[in-house]
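Written out below as structure tokens is the structure these notes cover.
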Amino acid sequence: MVKPNYDNSIMSITNSLLKYYGVKPHHATLPLADELLAKDYKNVVLLLMDGMGVNVLERSLPENAFLRKHIKTELSSVYPCTTTAATTSVLTGRTPAEHGWIGWSCYFKEVDKCIDLFSNLESGTESPASDENQPYKYMPYDNILSVIGDNVKTCAVWPYTEYFADTMEGICEHIKNLCANDERKFIYAYHAQPDHDIHDFGVDSDCIKQMLLNYNNQLETLINSLSDTLFLITADHGMKDITMKCVEDYPAINRALIRHICVEPRCCSFYVKEEYKTDFPQLFTNAFGNKFKLFSHKEFLESGLLGNGVPHTKTEDFVGDYVAAAVSDVALWYKDINGGYEDFKSAHAGLTKEELTVPLIVIQKQDIC
13 MVKPNYDNSI MSITNSLLKY YGVKPHHATL PLADELLAKD YKNVVLLLMD
63 GMGVNVLERS LPENAFLRKH IKTELSSVYP CTTTAATTSV LTGRTPAEHG
113 WIGWSCYFKE VDKCIDLFSN LESGTESPAS DENQPYKYMP YDNILSVIGD
163 NVKTCAVWPY TEYFADTMEG ICEHIKNLCA NDERKFIYAY HAQPDHDIHD
213 FGVDSDCIKQ MLLNYNNQLE TLINSLSDTL FLITADHGMK DITMKCVEDY
263 PAINRALIRH ICVEPRCCSF YVKEEYKTDF PQLFTNAFGN KFKLFSHKEF
313 LESGLLGNGV PHTKTEDFVG DYVAAAVSDV ALWYKDINGG YEDFKSAHAG
363 LTKEELTVPL IVIQKQDIC
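Below you can see the structure in the form of structure tokens.
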């Protein structure tokens, strides 16, 4: 079992950026980032590649590839190491405990529904959970772009922003154009790949290798065209090939649950009926042995896995009576309203090195070769 290291994490980059742009950081900064930022580049670019963990890079690209050559260090993701929690930590500089966006699906007692946080859909359906966006109603946050905006021009490059981009071509074009003017700026860019396709095809698939090679070449071309720019590339989490299990196939567990499994298939939050609470650990162990690390509600909150700081008021609500964190290749979810479930080949949010370890790729003007 591998645990997150919040003192050397993706969140640390953000705290270095906050400090550099004159805002008090929330947590420890990253010394390497502090040193790089002190060189006072005109442009600072942070590109977050979803799912591009160290293991994905190493298994997809040769050692002499541009991206691998410029890996300066390895960082820890946050926990759960999933897009919802990790991108929010990168955007805020705060731990999952603090911001509350701990996973894909969380239970909101206010509406008595499990809700997909990014979409506000009722989990397992295509229906809005309510007229109000519950996640943003109860867990609003200020991201780094707004917080430092008084001190430097900020630009966001991802879908649903002024600089819309959902392809690497679009991302590179926006970054090139933005860096061309004389204004000091911070650019945050996000790409949903390779995570999206790795879920479907697995870490070692040929299409992922080709995708990463294409991205490697596109980024090399872009960065070689820039000047006076610090370019940082990291990921929100890594990926691990998995075996997906469906809770309906385990009736002893399924009948003990009040509602759907929440949070993530590799970080399962269980809300258990009162009459099963004592026996649930044994029921779970009978079914899954040591494939997961099972925590009680109290144990999980006190484990430090969600990071330190003052917990958001919703965080405790989202942690069920028990939490199962994957330490093997097994994931567990449920059938949706149509009787189907996501039969992913690869996933994240477990306590393994593959899922928690991400690169920090650094390219400075003088480093380009």
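Using the numbering used here, you'd call the opening residue of the sequence shown number 13 and step up by one each time. Cβ coordinates follow ideal geometry from the N, Cα and C atoms, glycine included. What you are looking at is a predicted structure, and each value in this text was computed from that prediction instead of being measured.
- Determine which residues share a DSSP beta bridge with W345 and list them. C258.
_Runs of 4 residues minimum, wholly inside the segment 117-174: which ones carry the alpha helix (DSSP H) assignment?_
You should have 146-150 and 156-159.
Q) Just to confirm, are S12 and L368 a CB contact at a threshold of 7 Å? A) With the chain covering only 13 through 381, there is no way to say anything about residue 12.
Cα-Cα separation, C381 to H309: Annotation note: pLDDT 44 at C381 (below 50); position unreliable, coordinate value reported separately. Between the alpha carbons of C381 and H309 lies a distance of about 51 Å.
- Message: Measuring straight from C-alpha to C-alpha, what distance separates V66 and C93?
- Response: Whole-angstrom Cα-Cα distance: 14 Å.
| field | Inter-residue Cα distance where the pair is L48 and D261 | value | Distance between the alpha carbons of L48 and D261: 52 Å.
**Asked** Leaving out five residues before and five after C258 in sequence, what residues of the same chain have Cβ atoms less than 8 Å from its Cβ?
**Response** For C258, where only same-chain residues beyond five positions count, the Cβ hits under 8 Å are L344, W345, Y346, K347 and Y353.
- Just how far apart, CA to CA, sit D379 and I273? Residue placement at D379 is flagged as unreliable, the pLDDT there being 40, under the threshold of 50; the coordinate-derived value follows with that caveat. Rounded to the nearest whole angstrom, the C-alpha separation of D379 and I273 is 47 Å.
Under a three-way DSSP split, which group does H186 fall into? If DSSP states are grouped into helix, strand and coil, H186 belongs with the helices.
- Query: Quick one: what's A247 bridged to in DSSP?
  - Reply: A247 pairs with M61.
By how many angstroms is the C-alpha of Y175 removed from the C-alpha of N189? Spanning the alpha carbons of N189 and Y175 requires a straight line of approximately 11 Å.
Notebook entry, point to check: Taking the runs of the beta strand (DSSP E) that are 3 residues or longer, which of them lie wholly in the segment 59-119?
Noted result: Listed in chain order, they are 83-88.
- Quick one: grab the DSSP three-state call for H203. When secondary structure is reduced to three states using DSSP, H203 falls in the strand class.
Assuming D128 and S139 are in contact, meaning their beta carbons sit under 8 Å apart, how far apart are those beta carbons, in whole angstroms? Their Cβ separation, rounded to whole angstroms, is 11 Å, which puts D128 and S139 out of contact at 8 Å.
### Span separating the alpha-carbon of F356 from that of C279
Cα to Cα, the separation comes out at about 15 Å.
Item to complete: Report the rounded CA-to-CA distance for K33 versus Y119, giving the unit in angstroms.
Response: With the sequence shown as reference, residue 33 is identified as Tyr, and Lys is not the correct amino acid for it. Whole-angstrom Cα-Cα distance: 36 Å.
What is the DSSP secondary structure of F176, counted as helix, strand or coil?
Reduced to three states, the DSSP call for F176 is coil.
| request: Go ahead and pull the three-state DSSP assignment for S28. | output: S28 falls in the helix class under three-state DSSP.
Open item on the list: If you reduce the DSSP assignment to three classes, tell me which class K365 lands in.
Closed with: Helix.
Please look up how many angstroms separate the CB atoms of K252 and H324, rounded, as I've assumed it's under 8 Å. Contact doesn't hold; Cβ gap of about 28 Å is too wide.
Assigned secondary structure, I235 (DSSP; H/G/I helix, E/B strand, else coil):
In the three-state reduction of the DSSP assignment, I235 falls in the helix class, which pools H, G and I.
Open item on the list: Could you tell me the alpha carbon to alpha carbon distance between L392 and L306, rounded to whole angstroms?
Closed with: Any question about residue 392 goes unanswered here, given that the chain covers just 13 to 381.
task = Tell me whether the beta-carbon of V14 lies closer than 7 Å to the beta-carbon of K365.
result = Taking 7 Å as the Cβ cut-off, V14 and K365 qualify as a contacting pair.
Check: Between the segment 244-251 and the segment 61-77, are three or more C-beta pairs nearer than 8 Å?
Finding: The segment 61-77 and the segment 244-251 touch, with three or more beta-carbon pairs separated by less than 8 Å.
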